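For any residue, its number in our numbering is found by taking its place in the sequence shown, counting from 1, and adding 892. Backbone N, C-alpha and C fix where the C-beta goes; we use that ideal spot for every residue, glycine too. Quantities reported herein were computed from a predicted structural model and do not represent experimental measurements. Structure first, then comments.
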Amino acid sequence: MKADAIAKIKAEIDRNKSNPYIKVVGDFLLGHLETDPEAAEKIMAADKTIAKSLDAMKAEAKKKQQNGMAMLTDAEGFAIVLKYFGIKGKPVVSSSPVAPPSDRAALAPAAKPAVPDFDVKLDDFL
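Here is the structure:
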């Protein structure tokens, strides 16, 4: 069942390559399956999709909006996804924000070039 759920998630990600949020939620679900393999049965429900879980997030955000704007934390968003699929438990999310795949490179720290040791003594100039 777990293998079927993984295949279903990956297929939806592949069909929706232009929507980076489907990949973010799909990757979350794949990680969740590693810690909770029993969730596969819920993910396999024919009427449940990642896209519809995003709609559930959108609906929840609309309830919280103020001045036409709403925000959800990663934990809140992923909790809504789990609830949508009927999966019990709390999401385990990293402390760093999840950005769409296209933005992740911009968030990565730039590699610093190696700087050779600089050692100068006053005696070197006399």
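Outcome for Phe-977 when other beta-carbon atoms lying within 10 angstroms are tallied against a minimum of 16: By the Cβ neighbour-count rule, Phe-977 is buried, with 16 or more other Cβ atoms within 10 Å of its own.
Minimum C-alpha distance to Lys-909 - residue among Ile-942, Ala-937 and Ala-962: Ile-942
Cβ distance (whole Å) where Ala-967 is taken to contact Leu-925 below 8 Å: The Cβ separation is near 18 Å, so there is no contact.
Boundaries (first-last residue) of the alpha helix (DSSP H) holding Met-949: 942-956
DSSP beta-bridge partners of Met-961: Assignment of beta-bridge partners to Met-961 by DSSP yields Gln-958.
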